[in-house]
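Novice: My structure is below; once you've seen it, I'll send some questions.
Chains as they are written, first to last, in UniProt numbering: chain A, 1 to 249; chain B, 1 to 323.
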């Protein structure tokens with residue numbers, strides 16, 4: 001099995017705090033790899049280093065065999081690293097369609113063109129329509145993002161990440177703040193993508209993690225304490241201690 | 001469609017203004033109208049980065065001034081027949097001076113933008129202000145080009161086939177350049193690049209996550225805006241037949257920001273309406289009292305507090321909340 005993402009000996013300190021402590025992890029092509037851990041375990045710090053918003057102190061990150069450890073965030077996106085934000089981060093004044101359209105355009109190129117007519121870029125808008133059709137946002141395409149519900153924004157986050165045609169998706173708590181029904185919808189959406197695109201899923205919702213993940217890694221105090229299948233993680237005493245010892249997850 | 005009507009109406013007003021001024025025996029109206037056209041271009045160029053791109057540049061008059069000085073300096077060398085740096089001959093040809101003004105103001109924007117766009121927020125405002133003041137003091141100290149007094153340009157630049165000694169001809173040349181500039185601006189704000197720029201204003205982090213290295217795009221917009229201001233400045237030098245450091249004083253940068261906000265931030269027609277409102281107010285209030293800025297201040301306060309989106313926003317509201 002080939003690896004789409006390989007992290008080796010990743011290290012990040014904030015003053016005296018070791019937020020990422022010698023993390024080694026890989027994501028196989030096509031798998032959903034979940035990353036769980038109690039609050040403050042360093043999950044977001046890890047995600048931010050992977051996508052290039054934070055620079056690691058030490059260690060290496062390989063995406064599809066290429067060393068991306070020192071690349072800027074936009075260059076990593078070009079190589080196929082897509083992400084969603086935990087706190088939704090969208091273009092609030094644009095409509096759903098304009099948001100997705102801009103994500104498609106960004107990947108498609110020609111972003112420096114000052115003499116074309118963006119409304120007339122047929123391939124961009126066709127692909128946008130294709131991405132939206134069949135999604136839960138299909139009949140909300142002309143709604144302004146500021147008017148969307150939280151659940152709709154979470155769905156849009158995912159569609160925008162997919163618009164960049166990623167080989168690996170970093171999902172930073174896609175279920176955070178979702179109700180029961182919306183969580184179910186998100187699980188269905190992600191399940192539909194299983195196999196098409198590899199995913200590293202950071203999530204607190206254990207039900208969702210166990211329903212989706214092929215493998216699970218557990219991060220505690222910046223360290224990966226184990227990686228295994230859902231059953232292995234569920235039965236592991238160290239995991240139970242990490243969660244029950246610090247908080248009720 | 002509504003925008004097309006507004007464009008035609010504005011064009012008709014500006015095109016007929018010299019006739020109207022003649023009929024009314026108010027020559028000052030033509031002067032006022034020309035100033036509105038020129039400041040509308042400068043404000044529109046600022047609007048590209050401020051309104052569409054979300055970059056609060058507080059030094060935009062610098063590029064306006066550089067454009068004006070390019071015309072002034074080329075003219076003085078043409079008069080004295082001494083090449084600039086012993087290399088370039090001077091010129092009094094508008095078709096040479098305007099592109100030269102855009103080139104040099106664009107270059108100034110490239111350097112200043114490259115150094116200041118790494119920052120954001122208050123820092124960016126202060127750095128752009130500081131650079132603009134540096135350029136202001138540079139020209140104040142340039143005694144070879146008049147220092148504080150600036151350069152007097154005896155005659156407007158020549159255009160083959162036109163009599164540029166005639167004020168009305170100069171007015172129509174300004175109008176033609178303005179129309180071309182706004183047509184170009186229309187393309188830009190509706191282009192692929194325009195879309196990216198609007199995205200950057202709303203959420204820079206999201207744009208980076210889409211694979212857009214935002215710095216390059218912001219710098220590109222900054223240079224385009226600097227070139228636009230330089231073009232306006234070059235026209236102003238031709239219109240006033242004079243350039244001075246006052247044209248790049250920080251209060252001018254402030255006036256441009258006021259025009260953009262007054263008209264409607266990030267709207268196509270906003271800078272035109274804003275420049276018109278500002279200059280018309282100045283014209284009539286200054287007639288009435290020398291403390292005209294007090295009146296302007298109160299009106300600006302009203303616009304900021306009670307209209308969302310400046311004059312254009314107010315019109316939309318009065319028309320019944322259509323978007």
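Virtual Cβ for every residue (Gly too), placed ideally from N, Cα, C. Quick caveat: nothing in here was measured; it's all calculated off a predicted structure.
Check whether the Cβ of residue 169 (chain A) lies closer than 9 Å to any Cβ atom in chain B.
Specialist: Taking the first chain and counting its residues from 1, the one referred to as residue 169 (chain A) is at position 169. No, no contact with chain B.
Novice: By the DSSP assignment, the alpha helix (DSSP H) with residue 202 (chain B) in it spans what residues?
Specialist: The sequence position of residue 202 (chain B) within the second chain is 202, counting from 1. Looking at the DSSP string, the run of the alpha helix (DSSP H) that includes residue 202 (chain B) is 192-202.
Novice: Which residues in chain A have a C-beta closer than 7 Å to the C-beta of residue 199 (chain B)? List them in chain order.
Specialist: As a first step, residue 199 (chain B) must be located in the second chain, where it is residue number 199. Simply 91 and 102.
Novice: Residues of the region 102-128 of chain A with a CB closer than 8 Å to any CB of chain B: list them in chain order, please.
Specialist: Those residues of the region 102-128 of chain A that come within reach of chain B (Cβ to Cβ, closer than 8 Å) are 102, 103, 105, 106, 107, 110, 111, 112, 113, 114, 115, 116, 117, 118, 119 and 121.
Novice: Which residues of chain B have a Cβ atom closer than 7 Å to the Cβ of residue 77 (chain A), listed in chain order?
Specialist: Numbered from its first residue, the first chain carries residue 77 (chain A) at position 77. Ordered by position in chain B, the residues that pass the 7 Å Cβ test against residue 77 (chain A) are 209, 210 and 211.
Novice: Could you tell me the alpha carbon to alpha carbon distance between residue 161 (chain A) and residue 142 (chain B), rounded to whole angstroms?
Specialist: Within the first chain, numbered from 1, the residue matching residue 161 (chain A) stands at position 161. Within the second chain, numbered from 1, the residue matching residue 142 (chain B) stands at position 142. About 54 Å.
Novice: Would you list the one or two residues that DSSP bridges to residue 7 (chain A)?
Specialist: Taking the first chain and counting its residues from 1, the one referred to as residue 7 (chain A) is at position 7. According to DSSP, residue 7 (chain A) bridges with A:25 and A:61.
Novice: In angstroms, rounded to a whole number, what distance separates the CA positions of residue 107 (chain A) and residue 164 (chain A)?
Specialist: Taking the first chain and counting its residues from 1, the one referred to as residue 107 (chain A) is at position 107. Taking the first chain and counting its residues from 1, the one referred to as residue 164 (chain A) is at position 164. Going by the C-alpha atoms only, they are around 6 Å apart.
Novice: Can you list the residues of chain A that residue 191 (chain B) reaches, using a CB-CB cut of under 8 Å?
Specialist: One-based indexing of the second chain puts residue 191 (chain B) at position 191. Within chain A, the residues near residue 191 (chain B) are 113, 114, 115, 116, 117 and 118.
Novice: Are the Cβ atoms of residue 250 (chain B) and residue 133 (chain B) separated by less than 9 Å?
Specialist: Along the second chain, one-based indexing puts residue 250 (chain B) at 250. Along the second chain, one-based indexing puts residue 133 (chain B) at 133. For residue 250 (chain B) and residue 133 (chain B), yes; Cβs fall inside 9 Å.
Novice: Just the C-alpha distance for residue 115 (chain B) and residue 177 (chain A), rounded to the nearest angstrom, thanks.
Specialist: As a first step, residue 115 (chain B) is located in the second chain; it is residue number 115 there, counting from the start. As a first step, residue 177 (chain A) is located in the first chain; it is residue number 177 there, counting from the start. Spanning the two alpha carbons is a distance of roughly 41 Å.
Novice: Using the C-alpha atoms, what's the distance from residue 46 (chain B) back to residue 54 (chain B)?
Specialist: Counting from 1 along the second chain, the entry for residue 54 (chain B) is found at position 54. Counting from 1 along the second chain, the entry for residue 46 (chain B) is found at position 46. Roughly 10 Å between the two C-alpha positions.
Novice: My output table needs one value for residue 206 (chain B): the three-state DSSP class, helix, strand or coil.
Specialist: Within the second chain, residue 206 (chain B) is the residue found at index 206, counting from 1. Here residue 206 (chain B) sits in helix by DSSP.
Novice: Going by C-alpha distance, which of A:14, A:12, A:23 and A:117 is nearest residue 6 (chain A)?
Specialist: Taking the first residue of the first chain as 1, we reach residue 6 (chain A) at position 6. Out of A:14, A:12, A:23 and A:117, A:23 has the C-alpha closest to the C-alpha of residue 6 (chain A).
Novice: Can you tell me the Cα-Cα spacing of residue 159 (chain A) and residue 80 (chain A), whole angstroms?
Specialist: Numbered from 1 along the first chain, position 159 holds the residue referred to as residue 159 (chain A). Numbered from 1 along the first chain, position 80 holds the residue referred to as residue 80 (chain A). So the alpha carbons of these two residues sit roughly 15 Å apart.
Novice: Round the Cβ separation of residue 33 (chain A) and residue 200 (chain A) to the nearest angstrom and send it over; I've been treating them as touching at under 8 Å.
Specialist: To locate residue 33 (chain A), count along the first chain from 1; it is residue 33. To locate residue 200 (chain A), count along the first chain from 1; it is residue 200. The Cβ separation is near 5 Å, so the contact holds.
Novice: May I ask you to list the residues that DSSP assigns as paired with residue 158 (chain B)?
Specialist: Residue 158 (chain B) sits at position 158 when you count from the first residue of the second chain. Answer by DSSP bridge pairing, in chain order: B:93.
Novice: Residue 305 (chain B) and residue 36 (chain B) look like a contact to me (Cβ under 8 Å); what is the Cβ gap, rounded to whole Å?
Specialist: Locating residue 305 (chain B) in the second chain gives position 305, where the first residue counts as 1. Locating residue 36 (chain B) in the second chain gives position 36, where the first residue counts as 1. Incorrect: roughly 25 Å between the Cβ atoms, too far for contact.
Novice: When the Cα atoms are used, what is the spatial distance from residue 192 (chain A) to residue 185 (chain A)?
Specialist: The residue given as residue 192 (chain A) occupies position 192 in the first chain. The residue given as residue 185 (chain A) occupies position 185 in the first chain. Straight-line Cα distance between these residues: approximately 11 Å.
Novice: Check whether the Cβ atoms of residue 283 (chain B) and residue 175 (chain B) lie closer than 9 Å to each other.
Specialist: What you label residue 283 (chain B) is simply residue 283 of the second chain in a count that begins at 1. What you label residue 175 (chain B) is simply residue 175 of the second chain in a count that begins at 1. In this structure, residue 175 (chain B) does not lie closer than 9 Å to residue 283 (chain B) by Cβ.
Novice: Is the beta carbon of residue 83 (chain B) closer than 9 Å to that of residue 90 (chain B)?
Specialist: Walking along the second chain from the start, residue 90 (chain B) turns up at place 90. Walking along the second chain from the start, residue 83 (chain B) turns up at place 83. Yes, the Cβ-Cβ distance between residue 90 (chain B) and residue 83 (chain B) is below 9 Å.
Novice: Quick check on the burial criterion: 16 or more other C-beta atoms within 10 angstroms. Buried or exposed for residue 163 (chain B)?
Specialist: On the second chain, residue 163 (chain B) is found 163 positions in, with the first residue counted as 1. Label assigned to residue 163 (chain B): exposed.
Novice: Can you pull the chain B neighbours of residue 72 (chain A), defined as C-beta to C-beta under 9 Å?
Specialist: In the first chain, the residue the question calls residue 72 (chain A) occupies position 72. The contacting residues are 208 and 213.
Novice: Where does residue 45 (chain A) sit, in a helix, a strand or coil, going by DSSP?
Specialist: Start at 1 with the first residue of the first chain, and residue 45 (chain A) comes out as number 45. Three-state result, residue 45 (chain A): helix.
Novice: What is the rounded straight-line gap between the Cα of residue 56 (chain B) and the Cα of residue 195 (chain B)?
Specialist: Locating residue 56 (chain B) in the second chain gives position 56, where the first residue counts as 1. Locating residue 195 (chain B) in the second chain gives position 195, where the first residue counts as 1. Distance between the alpha carbons of residue 56 (chain B) and residue 195 (chain B): 19 Å.
Novice: Thinking C-beta only, is residue 200 (chain B) closer than 9 Å to residue 44 (chain B)?
Specialist: By 1-based counting over the second chain, the position of residue 44 (chain B) is 44. By 1-based counting over the second chain, the position of residue 200 (chain B) is 200. Not a contact, by the Cβ cut-off of 9 Å.
Novice: So, using beta-carbon positions, are residue 207 (chain B) and residue 65 (chain B) closer together than 9 Å?
Specialist: As a position in the second chain, residue 207 (chain B) is number 207, starting the count at 1. As a position in the second chain, residue 65 (chain B) is number 65, starting the count at 1. Not in contact: residue 207 (chain B) and residue 65 (chain B) (Cβ atoms no closer than 9 Å).
Novice: Using a C-beta cutoff of 9 Å, does residue 247 (chain A) count as contacting chain B?
Specialist: Position 247 of the first chain, counted from the first residue, corresponds to residue 247 (chain A). Since pLDDT at residue 247 (chain A) reaches only 48, below the 50 mark, its modelled position is unreliable, and no value is offered.
Novice: Find the nearest neighbour of residue 4 (chain A) within the set A:109, A:50, A:155 and A:219, judged by alpha-carbon distance.
Specialist: Residue numbering aside, residue 4 (chain A) sits at position 4 when the first chain is read from its first letter. When each option's Cα is compared against that of residue 4 (chain A), the closest is A:50.
Novice: Who are the near neighbours of residue 241 (chain B) in its chain, counting only those whose CB is closer than 8 Å to its CB and skipping five residues on each side?
Specialist: Walking along the second chain from the start, residue 241 (chain B) turns up at place 241. Around residue 241 (chain B): 152, 153, 154, 155 and 156.
Novice: Check for me: the beta strand (DSSP E) holding residue 36 (chain A) runs from which residue to which?
Specialist: Counting from one through the first chain, the residue named residue 36 (chain A) turns up at place 36. Run containing residue 36 (chain A): 32-36, per the beta strand (DSSP E) assignment.
Novice: Using beta-carbon positions only, say whether residue 153 (chain A) and residue 88 (chain A) come within less than 9 Å of one another.
Specialist: Walking along the first chain from the start, residue 153 (chain A) turns up at place 153. Walking along the first chain from the start, residue 88 (chain A) turns up at place 88. Going by C-beta atoms, residue 153 (chain A) is nearer than 9 Å to residue 88 (chain A).
Novice: Got a sec: is the Cβ-Cβ distance from residue 175 (chain A) to anything in chain B below 9 Å?
Specialist: Within the first chain, the letter at position 175 stands for residue 175 (chain A). Output row for residue 175 (chain A): interface = no.
Novice: Taking 9 Å as the cut-off, decide whether the C-beta atoms of residue 31 (chain A) and residue 214 (chain A) are in contact.
Specialist: What you label residue 31 (chain A) is simply residue 31 of the first chain in a count that begins at 1. What you label residue 214 (chain A) is simply residue 214 of the first chain in a count that begins at 1. Yes, they are a contact pair.
Novice: Go through the region 216-256 of chain B residue by residue and report every complete run of the alpha helix (DSSP H) that reaches 4 residues or more, in order.
Specialist: If we require 4 residues or more, the region 216-256 of chain B turns out to have no alpha helix (DSSP H) run fully inside it.
Novice: The alpha helix (DSSP H) with residue 314 (chain B) in it runs from where to where?
Specialist: For this step, residue 314 (chain B) is matched to residue 314 along the second chain. Per DSSP, residue 314 (chain B) belongs to the alpha helix (DSSP H) from 310-318.
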